[in-house]
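Right, one structure below, let's go through it.
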Amino acid sequence: MPVSRRTALRTIGAAGGLAAASGTVHAVGEYEDDERKTPKEKDVPDDVPTLGAAVRVAHFSPDAPAVDVLIDGEQVLAEFAYGEVSPYLEVAPGTYTVTITAAGDPGTVVFDDQVTFESAFYTVAAIGELGAETFRPEILVDAGSALVRLFHAAPDAPAVDVLADGEPIFQNVAFEESTDYLAVPAGSYTLAVTPAGDPETVVDSFEVDLDLATAYTANAIGYLEPPAEFTERAFEVAITVDGDLEA
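According to the numbering used here, the sequence shown is numbered sequentially starting from 12.
Take a look at the structure:
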């Protein structure tokens, strides 16, 4: 189950902001004991490196027993029970084999596949039901990653969609509307603005670099068809960094 940047963005777009909220909604507490952690694990400090990834695990499968979680064959969580959420673990971006087994029973494997983590904060949430054979991990990109929203301020432009590397992240945003923030992996993207529902007609396209733990607004401004006295004010997308006194 590789989770590429495009897959993550597609999930975010469909979720309508769920991923951006997950950083607080599911944070039900951290462990006071150390026996659940291996020596390689540690809580993510305040100054997580820009190019790092941070991953936590949440057990939200109501009919599943406690589980053990392994990354590349090394156990990182043991006897992990329903309703628990682990602290964030700092990992290098890359592709890992994630294995989930019944607690204390390595032969009973309920999930074993590869997952790719980029420069972002992630929640790997075990959801579904074992009995219904719908048990699976759902990958959420959490707040604390790069955050981005769209503000449509171009008065003669129709409702628009915004695509990142060809995948829609904002859809059918009309003049005067602004979206909620979406959490996305930090990195470089090609953003394209199109009329809503018409991905082939690109109104504007540009490159953008998004940093970890930084919020941005993509402001659609100007005129699609500038009046004679405002020919220099053609449609464009101006990126602002939000909530930063030095920006």
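Glycine residues also receive a C-beta, built at the ideal position from the N, C-alpha and C atoms.
With the cut-off set at 8 Å, would you say residue i and residue j are in Cβ contact?
i, j, result
"residue 250", "residue 164", "no"
"residue 181", "residue 153", "no"
"residue 203", "residue 216", "yes"
"residue 223", "residue 195", "no"
"residue 237", "residue 245", "yes"
"residue 109", "residue 82", "yes"
"residue 119", "residue 127", "no"
"residue 136", "residue 148", "yes"
"residue 99", "residue 65", "yes"
"residue 172", "residue 207", "yes"
If residue i and residue j are in contact, beta carbons under 8 Å, what's the gap, nearest whole angstrom?
i, j, result
"residue 77", "residue 90", "5 Å"
"residue 140", "residue 72", "6 Å"
"residue 2", "residue 210", "Since the first residue shown for the chain is 12 and the last is 258, residue 2 is missing from the structure and cannot be characterised."
Starting from residue i and walking both ways along the beta strand (DSSP E), at which residues does that stretch end?
i, result
"residue 85", "85 to 91"
"residue 117", "116 to 128"
"residue 98", "Careful: residue 98 lies outside any beta strand (DSSP E) and carries neither H nor E."
"residue 160", "157 to 163"
"residue 113", "105 to 113"
"residue 68", "64 to 70"
"residue 225", "First-last for residue 225: undefined, no H or E at that position."
"residue 220", "215 to 221"
"residue 206", "198 to 206"
"residue 179", "178 to 184"
"residue 174", "171 to 175"
"residue 247", "247 to 253"
"residue 193", "193 to 195"
"residue 143", "No beta strand (DSSP E) contains residue 143, which DSSP labels as neither H nor E."
What's the gap between the Cα of residue i and the Cα of residue j?
i, j, result
"residue 226", "residue 162", "13 Å"
"residue 59", "residue 106", "Residue placement at residue 59 is poorly supported in this model, since its pLDDT is 39, which falls under 50; the coordinates still yield a value, given next. The straight-line gap from Cα to Cα measures roughly 19 Å."
"residue 134", "residue 242", "47 Å"
"residue 116", "residue 80", "11 Å"
"residue 197", "residue 104", "11 Å"
"residue 177", "residue 200", "10 Å"
"residue 52", "residue 188", "Note that residue 52 has pLDDT 33, beneath the 50 cutoff, so the model's placement of it is unreliable and no number is given."
"residue 97", "residue 87", "10 Å"
"residue 101", "residue 94", "22 Å"
"residue 205", "residue 160", "16 Å"
"residue 124", "residue 234", "48 Å"
"residue 186", "residue 218", "23 Å"
"residue 179", "residue 255", "27 Å"
"residue 192", "residue 183", "15 Å"
>> Would the segment 140 to 147 count as touching the segment 159 to 176 if we require 3 or more Cβ pairs under 8 Å?
In response: no
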